Structure formats: C-alpha cells, structure tokens
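Protein chains in written order, with the numbering used here: chain A, 1 to 352; chain B, 353 to 704. Take a look at the structure below.
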C-alpha cells in the first residue's frame, strides 16, 4: 500500500464484527485523485458501506490514481488480480473492446436516468457483464455524473473550423470525433489538466461538470465554459470486481458487494444533482466564467461525425453491434416519453 | 399473516446463513396491491435484498394493501409496531404533519434527480427524519416514479372551468388545489380506480404514469391522457421503519437495511425509466389513448392556486416552514443548472 492510501480496513475494527476479524482484505484502485469530490469520495463511500454491512468481515484499502497503479492502469490491475476492485469509467478502456464505450457515455447518448433504466432493466448490464467477462472482471454501474459540460475554451467556437488544430483534452469516442473535425485530441487524467492548460500544451479541455471542474480550478486557465456536452451527455462510472475475489466470498457477502454498488450508484448521482448547481453559480458569479452554447450548426456537424465513428466502430464486431442495437433500441423507444418528460420539466420554475 | 402475503422468510432458508436461523422476523406492510408492477415488486426486491445481505439473519414477510392492514393504515401500523417496516409514499400522510408532503411530491415540485439530490445531499433526509421522529418512524426514500402524468379524463380540459364539479381521484396537496379550482377531489387507493371510473363515481383519475396506469387498465375507462403532471411532477416512495425494530438490530444489520433502501431507491427509478416509455407506446398505439397537454392558462392558474395552498399549509408550523425553505432553496439554486440540463436533453434525438 502506498502512503497515500485510505485504509478503511482500520475503520472496520470500530464496527460490530459478529464474525470476528476481517476474513477478506480487499484492495480498491481508482482512476481518481484520492478523495476527489464526488468520484473519489463516492469510491470511499462504496468501500465504507461494504465494510459496515459486512460487519468488518471485508476490509478494504482504497487507493487514489498513481498510488498503487496509474489512473489508466486500473482495468489491467483488477483484471490481473493486482487489486480486487476498481472504480473508474468504461470510457477509459475503449481500446480493450469495441463495445466498451456504451457502458460509460457515447456522443449524443443517453441521459443518466435512461442509462440506469437500460443497464438495470433494459438488458444493458447483462451485455456489460458479457463484454467484461473475458477480462475476468464483473462490472457494476457505480455513479453517474449526470449532464456534463462541453468543456473549457479560451476562444469562442463559432463554426466547426474553430476546432482546426485545437489541442483539446477529451477521452473516449469524443476524441475520435474531434479528430475528424480537425482537432488534436489529447487524453490526460483529470489531475494534469490545469497545468497543461496553463503551459499551453492544451488549448481546451473537458473534464466533467461544474462540481468537479471547480475542484480542479479549470476556470483559472480558461474563460469560456461551453455546453451542451455532445461528447458525454451523462457518464456512467463503474466498479470492476476481480471475478476470483468475488467468487471467494460467501453468498451474503456477494450480495453485500452488489447492493453496495447499487446504493453508491444512487448516492453519487444525487451528490452531483446537489453540488453541480451550486458550483455553477460559484463559477459564474464569483469567478466570472462565461457560459457559451455551441452553435446548432457545430452540434449538427459533430452529430453526423459521431454517427460515422460509432458505425465504423461496431460494424466489424458482433458483440459491439449487439450492444449498439440494444442501446439504440432503448433510446428510440424512449423518445415519446422523453418529450413528456421535457414538458413536465418546463414547469419547473413555477412555484419558486 | 394473511393468505395473500409473500413470505420471503421462507426463501431465506435457501441462502447461506452464516449465523444460523433468522434472528429477526420482520413484517413489511405496503400501500400497493401485492406484486404491483414497480411499486409492489420494488418493495419485494427491497425485502429480498435485506434477506440476502443478512445471510438470512433477517426474514421478512411482505404484505399487500388490505392484507394485514388497509393501504392507508400503513403509517399507523408501523408507527405502533404492528409491522416493522412499511413501503408507501408520504403523499398519503399529509394530515399527520404539515411538513410531510415535501417528502413525496408537491405541485410544481422537484424532478426525481433533484429530489434525490435534496434528500441525500441537501439536508432533506435529515428534515424528514426529524418530521417522522415523533411517530417512532425512521424514513428512507425507496423509489421514485420519475415524471408522472396529469391523469385520465373523458372530456377535454380547455379552461379551468372544465374542472367545475369534476369528481377526480387525486391525493396529496393536488387534491386541495383541485378543490380550489372548483373540482371534487376524491382519494381512493389505486386498486379502486378502474371500477370507480367505470361506474361514474369518478369523472377523472390520476394514478402514476404509463407503466402503472397500464397495469390497472385505466385506458379502459377514459380516453384522454393528460400531461404534464402539475400535481406530482415526480414522486418519492418511502420505506418507513419502526424505530424500536431498527434499534434491536446489530450495527451491520442496520447498515444492511439502510443501504438496501438506497439500492432499492435506485432500482425502482431505473425500472420506471425502462418501463414507462414502452407502456406509453402500448397505450397510444395499441389502445388508442389520446395524449393531451394541459393548456398553459390552466397550468398557470393551478400554479397560483398551488402557491396559496402551500403557503397556508406551512405558515402556521415552524417545522413545515423550515422544510419548505430548504426545499425552495434547493429548487431555486438548481434553476441555472436545470437550463443547461434542458439544453443537453434537447440533443437527445441526435444519434438515433
């Protein structure tokens, strides 16, 4: 364990431990800085809930990015059993399998509530389980950032030509789309973004949304804050569990781990729902950030490029094609209901 | 136990029971017909998860409305220890305390994701706990229907005058608002609605949304399906736990019950997100239901009546006033973020 780890196993000793000392000592690695708001603290709470519900039979040490393994090595580390569990997002593993990005967020994809509907009650999680199975990993949705933002820019985006040569931090399929639009996508872990924006190695960067972007201080290096997030409308976070570690647990402990993931999924989205609005107000009124909306023509162009990127990605892989078909069917059948949802939301400012 | 109960305690014997036979035999009463889609099945899954995570140390028998106690006696039954746990919605107990309706849904109130943000990370659950404390009850949010519908009507609503003398099933504060608009609100449990619409004791009825309304066959007795739901934009379901029953549990079992509630909260909303869209398609394309939107002038009038009803309700009760202030503050500070959320949703039909 690195010096930077948060050892929740220690906390477990203060809990009632009906079965005595810990039977399992789990290691959790994450793609986030330790205790990072929402993402890191959500991973901590996931671990705490497993420790508490197991009465201390499972102890868990939680590691931030770069502690035990670098952020982007989390998938590999859990797959190989170097850690028992990981917390991150499928968006970082898109090169492991063509189907993977659907389980995080794809350009012009689902909202958070649609994604949860698809995953838990629309066949999505079964497909995800199938996709991760060859890696010895069991996936669970654990957190969703909700609506994201389009990113931080120091110049206005008026036409797609403004993307020409733009060095922008953007991961996942959004990166491939940006490249086709003429930009230079660069993938960096969140922690590196402020420095890279300041020293000019990045012209623009997207991270998450107000709550997380404020925490990294991105407003210090860019003036315009663009929406909507065409690239990640709402992104699913994941827990990945090493299958052997999981199978070593008794059925009640397995149930505890799985339900802890579902509770943490609820909790993290709720945290974003509460914190994003306040952080946005802070960014605008205290730090003078200027909100900008991408022009419709830019969105239209990105949409058509996204469709091509997606089509090429799934066309040569049977499993990816099946995942895409399931995802698309869910989105399509939700259209009419989504219109009623919108009509209801439009009343929102009524009673204030 | 009535013959209609679903005894999950029996299922527990098939699970790993590291601590032997059940230590606790809990009774759960619900306001729903047994196994009713989403609400009843969600209550079942909540019980199942507690049984599984506890390794069978807690056994739970789940009762539908009218089995052990009538639907609207659930609060009283758990408060008095006749049952250990209940599943229903705070909307049914508005006469117990002026503050209660804020924990289900109020006219022109929060969306599901805002409600969860407020409850878990905006102080809402602390207030709810305070409000239920004198009744010996511990509340937890367990499920949210998401966006609801405005209800079923056999005549079109063109102006507020069309509410004159209208006998409509509608619970909660919406009922008080309808009365001020000239209607006759009638509160009936969901199970009674189809019969009452058919025999003319009701002219109109609102229940939940497409998934649940289809299950009760309400389309058989009314032609027009109105939106938006001004009266319950998105309604929180609750678990209520008898405090003495809860305090008898060891800390790990307490943690299991609480996290089971949070996981079930996530799961139920996801189910509605998946099932409502499909049910709406069925209602419209198979059963010829006609969707109608309330005219803006009607919504405006109901909004102003709602503000009055709410103000009068909270003005004479210190705790209700505090709850209202907290709720309102959360809604207000979410306005700017909600506009960005809307802008992102408007891209939704992009990639289909």
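The beta-carbon is built from N, C-alpha and C at its ideal position, and this holds for glycine as well. No experiment lies behind these values; they were computed from the predicted model shown.
With distances taken Cα to Cα, identify the nearest neighbour of residue i among the options.
i	options	result
residue 270/A	549/B, 581/B, 615/B	615/B
residue 93/A	105/A, 82/A, 83/A, 84/A	105/A
residue 303/A	43/A, 243/A, 282/A, 232/A	232/A
residue 377/B	566/B, 386/B, 406/B, 471/B	406/B
residue 344/A	580/B, 661/B, 478/B, 535/B	580/B
residue 694/B	298/A, 146/A, 79/A	146/A
residue 201/A	168/A, 68/A, 225/A	168/A
residue 698/B	108/A, 82/A, 225/A	108/A
residue 49/A	485/B, 649/B, 651/B, 604/B	604/B
residue 506/B	669/B, 576/B, 412/B	576/B
residue 298/A	75/A, 158/A, 129/A, 32/A	158/A
residue 594/B	535/B, 439/B, 385/B, 663/B	439/B
residue 494/B	418/B, 522/B, 609/B, 548/B	609/B
residue 483/B	472/B, 455/B, 508/B	455/B
residue 659/B	670/B, 669/B, 680/B	680/B
Suppose the cutoff is 7 Å on Cβ atoms and the five residues either side in sequence are ignored; what does the same chain contact list for residue i look like?
i	result
residue 211/A	37, 38, 272, 275, 276, 279
residue 175/A	185, 187
residue 216/A	190, 193, 194, 207
residue 502/B	558, 578, 579, 580, 581, 582, 646
residue 79/A	135, 136, 137
residue 12/A	Note on residue 12/A: pLDDT 32, under 50, position unreliable in the model; no value is reported.
residue 612/B	398, 401, 402, 405
residue 33/A	40, 64, 65, 191
Going along the chain, which residues of its own chain have a beta-carbon closer than 8 Å to the beta-carbon of residue i, five neighbours each way excluded?
i	result
residue 533/B	512, 515, 653, 654, 657
residue 314/A	98, 99, 320, 321, 323, 324
residue 368/B	Below a pLDDT of 50, predicted positions are generally treated as unreliable, and residue 368/B, at 39, falls in that range; no measurement from the model is reported.
residue 144/A	112, 115, 116, 234, 235, 236, 237, 265, 268, 269, 272
residue 326/A	118, 122, 123, 124, 127
residue 387/B	358, 393, 396, 416
residue 96/A	75, 135
For residue i, go through chain A and note every residue whose CB falls closer than 8 Å to its CB, in chain order.
i	result
residue 406/B	252
residue 423/B	Near residue 423/B there are no residues of chain A at all, since even the closest Cβ is about 25 Å away, more than 8 Å.
residue 685/B	277, 278, 281
residue 498/B	113, 341
residue 622/B	113, 116, 117, 119, 120, 121
residue 699/B	108, 228, 230, 233, 299, 303
Can you list the residues of chain A that residue i reaches, using a CB-CB cut of under 7 Å?
i	result
residue 509/B	Under the 7 Å cutoff, chain A gives no residues; its nearest Cβ is about 15 Å from residue 509/B.
residue 625/B	113, 114, 116, 117
Assuming residue i contacts residue j (C-beta within less than 8 Å), just tell me the rounded distance between them.
i	j	result
residue 437/B	residue 591/B	6 Å
residue 31/A	residue 89/A	7 Å
residue 453/B	residue 524/B	6 Å
residue 709/B	residue 561/B	With chain B covering only 353 through 704, there is no way to say anything about residue 709/B.
residue 529/B	residue 661/B	5 Å
residue 596/B	residue 508/B	Actually they are not in contact, since the Cβ atoms of residue 596/B and residue 508/B sit about 52 Å apart, beyond 8 Å.
residue 574/B	residue 504/B	4 Å
Interface residues of chain B around residue i at Cβ under 8 Å?
i	result
residue 49/A	607, 611
residue 343/A	579, 580, 645
Between which residues of its own chain and residue i is the CB-CB distance below 6 Å, once the five residues before and five after are set aside?
i	result
residue 219/A	283, 287, 289
residue 254/A	none
residue 375/B	409
residue 330/A	118, 122
residue 555/B	518, 519
residue 139/A	128, 132, 238, 240
residue 427/B	445
residue 310/B	Summary: the structure shown does not reach residue 310/B, with chain B confined to residues 353 through 704, and so no result is reported for it.
residue 535/B	515, 518, 520
What residues of chain B sit near residue i, judged by a beta carbon separation below 7 Å?
i	result
residue 21/A	Under the 7 Å cutoff, chain B gives no residues; its nearest Cβ is about 14 Å from residue 21/A.
When every heavy atom of the ligand SAM is checked, does at least one fall within less than 7 Å of the C-beta of residue i?
i	result
residue 111/A	Of the ligands one can find in the structure shown there are none, so the ligand SAM has no counterpart to examine.
Original post:
Using Cβ-Cβ distances below 9 Å, what residues of the region 453-472 of chain B are close to chain D?
Top reply: Reference to chain D is not applicable here, since the protein chains of this structure are A and B.
Original post:
Going along the chain, which residues of the region 577-601 of chain B sit with their C-beta nearer than 7 Å to a C-beta in chain A?
Top reply: 579, 580, 581, 582, 585
Original post:
When Cβ atoms are compared, which residues of the region 628-655 of chain B fall closer than 7 Å to chain A?
Top reply: 628, 629, 630, 632, 633, 645, 651, 655
Subject >> Short-range partners of chain A found in the region 608-619 of chain B, where Cβ spacing is below 7 Å >> reply: 608, 611, 612, 614, 615, 617, 618, 619
Original post:
What residues in the region 308-339 of chain A have a beta carbon less than 8 Å from any beta carbon of chain B?
Top reply: Flagged, chain order: 310, 328, 330, 331, 332, 333, 334, 335, 336, 337, 338.
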